[in-house]
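K.L.:
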Amino acid sequence: MLAALLSLAAILALAGLNWWLGRSVPLIRDRGAAATRISLDLLDFDEQEGAAANAGDAYVALGGQSTDLAVAVAMGDGWVTRRLGPGSLRRVHRDGARLEIRTRDFTLPATVLTFDSAERAACWESRFAALAAVGSSRAGAAAPASTAHVATAPAAIAPAASGATPATERIA
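Counting from -19, one number per residue, gives the positions in the sequence shown under the working numbering.
#1: Looking at the C-beta of V51, does it have a partner C-beta in chain B at a distance below 8 Å?
#2: Report the partner residues of G58 according to the DSSP bridge assignment.
#3: Give me, in chain order, the residues of the same chain whose beta-carbon lies closer than 6 Å to that of F95; leave out the 5 immediate sequence neighbours on both sides.
#4: Quick one: using the 10 Å Cβ neighbour count with 16 as the cut-off for buried, is S68 buried or exposed?
#5: Going by Cα to Cα distance, which pick from D48, T47, Q45 and A38 is closest to V60?
#6: Whose CA, out of I18, R62 and M(-19), lies closest to the CA of F86?
#7: Please name the residue, chosen from L(-14), E80, G44 and A15, that lies closest to F108 on a Cα-to-Cα basis.
#8: Where does E105 land, buried or exposed, given buried means 16+ other C-beta within 10 angstroms?
#9: For A15, I'd like the list of residues in its chain whose CB is within less than 8 Å of its CB, leaving aside the five on either flank, ordered along the chain.
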């Protein structure tokens, strides 16, 4: 019984410490820090146009081509940057000034960007949607070839009637 009370006291002390430490002042970010981070992380990215989102905690940029986009998202006390090109997006969805992009990158699968206006979100939605459309048409074309290759692989490595093992058999 005493051990249970001590455990409960320790858990409550840790919860109280967590609450007390969580009262810190939110980090105020420099408005140009995201654009600077993109230029430092993506050396060959040539920004033509950019826009802040999420009250300065995110930034999107258009590169030299219409299919070259970059995004910087605040995480902790730093920035996560990604360069997005054809085939890198799964889905793009807009609801007013809120834009949700889903990438094929498992380290940053979904990002929500809230712009200052629905018009600005619609402009960036069309740019991101172009990447998703290029990616889906490219993925759709590659799927049958990949499926056919997998379906024929077991027959190609099966032992020949002559008794040769798969390791010594020459596959044409």
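Backbone N, C-alpha and C define an ideal beta-carbon position, used for all residues, glycine too. Quick caveat, the model's predicted, so the values are computed rather than measured.
P.N.:
Looking at the coordinates:
#1: Protein chain content of the structure displayed is limited to a single chain, and chain B is not contained in it.
#2: Start at 1 with the first residue of the sequence shown, and residue 58 comes out as number 78. Answer is M55.
#3: Along the sequence shown, one-based indexing puts residue 95 at 115. Cβ neighbours of F95 beyond the five flanking positions: A33, A77 and A101.
#4: As a position in the sequence shown, residue 68 is number 88, starting the count at 1. Buried, because 16 or more other Cβ atoms sit within 10 Å of the Cβ of S68.
#5: If you number the sequence shown from 1, residue 60 lands on position 80. Closest in C-alpha terms to V60, from the list D48, T47, Q45 and A38, comes A38.
#6: Walking along the sequence shown from the start, residue 86 turns up at place 106. That would be R62, whose Cα lies nearest to the Cα of F86.
#7: Position 128 of the sequence shown, counting from 1, holds the residue named residue 108. The shortest C-alpha separation from F108 is found at E80.
#8: Here residue 105 corresponds to residue number 125 of the sequence shown, with the count starting at 1. Counting Cβ neighbours within 10 Å, E105 comes out buried, since at least 16 surround it.
#9: Residue numbering aside, residue 15 sits at position 35 when the sequence shown is read from its first letter. So the qualifying residues of the chain are E27, G30, Y39, A41 and A52.
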